[in-house]
Amino acid sequence: MIADVARVFTRPAGWLIDAWSYLLSLVAGFTGIEMLQYAFMHRAFLVGILIAVIAPLIGTFLVHRQLALIGDALAHTAFAGVAVGLFVNATLGTGVSPYLTAVVVAIVAALAIELISEVTDAYNDVSMAIVLSTGFALGAVLISLNAGGLAVGVNQYLFGSLATVSRSNTIILIGLFAIISLVVGTTYKQLLYVTFDETAARVAGLNVPWYNRIMTMLTAMVVVGAMQIMGVILVAAMLVVPVAGAAQLARSFREALLASVILAEIAVLVGITLSFHYEATAGGTIVLVAVAVYIAAVLFGKVRTNRSAADAPATADESTAD
Amino acid sequence: MSHISVENVSFGYTATPVVRDVSFTIDGGEYVGLVGPNGSGKSTLLQLLLGLYEPDRGDIRLFDRPTRAFVDRERVGYVAQDVTTNTKEMPITVEEVVLMGRFPHAGFGRITADDRERARKALRKAGIAHLAGKRITRLSGGQRQRTYIARALAGEADLLVFDEPTVGVDAESVGEFFSLLDELNRDGMSVLLVEHDIEAVIEHTDRVLCLNGELYFDGPSEAFPESDALERAYGITTGERAGVTR
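Heads up: the sequence lines are chains A and B, in that order.
Here the numbering used here is used: position 70 in the first sequence is 70, and no number is missing along the way.
Numbers given in the numbering used here equal positions in the second sequence, counted from 1, plus 1000.
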């Protein structure tokens, strides 16, 4: 029964991967671009493009709620989830995808962050720090308990790799992409209201704790989805860096969302290409490109602001700098 | 129909009550100022009225319904101190903020052309239609407060509740802000204003509530400077009252 239901969802994802792979093979045939001849690169580009949509989509809400570090906290718990999956597979001989266990552990951790903040009235960064440390400690302990079996596979999760993007992992990410897009599309107005003015949102009747939980769970999904290419250590960058760059360019929230996705796509596509050509780690390369794009956005934003200020008539109470 | 009804309400964050046995009613179209010294429980009382906390004792009703059962949330427009100090450089336009007033109406549905038209109307009413496309963090404090009023108007609120709205706003903008409030009240809007500036409250509102844990005064604004509530709540003596008059 469960297998049948799973098939209903995974089959269209499989078709999408096949169609995408076929398309890139055609492009490779016409252009002779070497990296597009490999199936793993087809999947890497597909996963990268999807990550560059969902990460800034969620990151835009997080950054403007000053919760940029939650990505880091959940990435470290996702690492614990990976360690749980690897440990279970090594000790029980099962074949559970570590990404699935990572999704579960990260979502539990996301709820724990909210719970700690609500129950103890602690600042959000305190609960994040507790969950981050617990996650990394759990991962480290599980790996040390079975060092011979796990240590070999851990590096790819820590630093990310284009080669780890298997077909099944791509299907998982397509599923996460669909869930995240659907939830954000449905609750966009509510999430925006809570992000901008939490008290007014409560007065307006929104269940703010519920939307906070939704946001942290979506963050957990993004983190796990992006982890396979970016790696645990760098995954949070995709939630923050393109968003910070977009904030320098955009006037409205919608523009900021769009701009952050465009900047993230540039970072991912250029980063994956450079990573392939120079055999550098994918996560690190993507983040370095993202930071370069961010610096360019900051410089462009400053130049535009200064030019607008010089052109605009001086007014006492209103800047038209944007 | 009363817009706000408070009966024998007490509340404390700890065992010590911050608000003690407070009762009053605000009817439709009233213009009421709530004053009190720092720590008097003004903001706490406001949060109780808005349903953000439950009173330990007593009963609070909004539009004749208990606050916990009150669902027509768009009927209450809430304007606090400027929230953009918390949102730093969040890229969001005046129009996007004002449209938030339509969110309770839209629920999970799409923002319609009618919603946008009502938001534009609210922007015109607040006198900031020309700022619709501007990023809110680039506006003056007075313009930002007008934006939040426009958000409440877009939601078609019947009652506007303000919590120290003029903190950090320059003197000229404060004058314009109160002019807008006066105009809205003349049009029939109920206004409850929590404000530290007693003179402004006496000058603009029709009725004053003075709180310092318990309610010290509830009466016409012009009678407040002559009441003993000023001395009891603020320690202002008879000789110092000359400055606190219309």
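All residues carry an ideal CB built from backbone N, CA and C; glycine is no exception.
Within the stretch 1130–1210 of chain B, the complete alpha helix (DSSP H) segments at least 4 residues long are 1141–1154, 1171–1186 and 1198–1204, listed from N- to C-terminus. Distances from the alpha-carbon of Leu111 (chain A) to those of A:Asn124, A:Ser25 and A:Thr281 put A:Asn124 closest. The Cβ of Ala247 (chain A) sits closer than 8 Å to at least one Cβ of chain B. Membership of Arg65 (chain A) in any beta strand (DSSP E) is not indicated, and neither H nor E is assigned to it by DSSP. The same chain holds no residue with a CB closer than 6 Å to that of Asp1187 (chain B) once the five nearest residues on each side in sequence are set aside. At the C-beta level, Gly139 (chain A) and Thr281 (chain A) stay beyond 8 Å of one another. Setting aside the 5 residues that flank it on each side, Leu1049 (chain B) is surrounded in the same chain by Ile1004, Val1006, Ile1060, Leu1062, Thr1067, Val1161 and Leu1192, each with a C-beta closer than 8 Å to its C-beta; the list follows chain order. Put simply, the CB of Val1098 (chain B) is far from chain A, with every gap to its CB atoms at 8 Å or more. Taking 8 Å as the cut-off, the beta carbon of Phe253 (chain A) is found no closer than this to the beta carbon of Met35 (chain A). Neighbours of Tyr193 (chain A) across chain B, judged by C-beta separation under 8 Å: Met1100 and Phe1103. Contact of Val293 (chain A) with chain B by beta-carbon distance below 7 Å is absent, the smallest such distance being about 17 Å. With a cut-off of 8 Å on Cβ pairs, the stretch 174–192 of chain A is not in contact with the stretch 20–33 of chain A, counting fewer than three such pairs. Between Ser1040 (chain B) and Ala1233 (chain B), the gap from beta carbon to beta carbon is short of 8 Å.
For Pro98 (chain A), the closest C-alpha among the options A:Ala244, A:Ala109 and A:Gly81 is that of A:Gly81.
Beta bridge pairing from DSSP links Ser1023 (chain B) with no other residue.
The beta-carbon of Arg1073 (chain B) is placed less than 8 Å from the nearest beta-carbon of chain A. Under the Cβ distance rule, Glu255 (chain A) counts among the residues neighbouring chain B, one pair being separated by less than 8 Å.
The stretch 1162–1177 of chain B makes contact with the stretch 1134–1149 of chain B; the number of CB pairs closer than 8 Å reaches 3 or more.
For Lys189 (chain A), at least one C-beta of chain B is nearer than 8 Å to its own C-beta.
Contact check for Phe79 (chain A) and Leu162 (chain A): beta-carbon distance about 19 Å, past the 8 Å limit, so the pair fails to qualify. Residue pairing of Asn1212 (chain B) in beta bridges, as defined by DSSP: B:Glu1214. Taking 8 Å as the CB threshold, Val1076 (chain B) lines the interface with chain A. At least 8 Å separates the CB of Thr1205 (chain B) from every CB of chain A.
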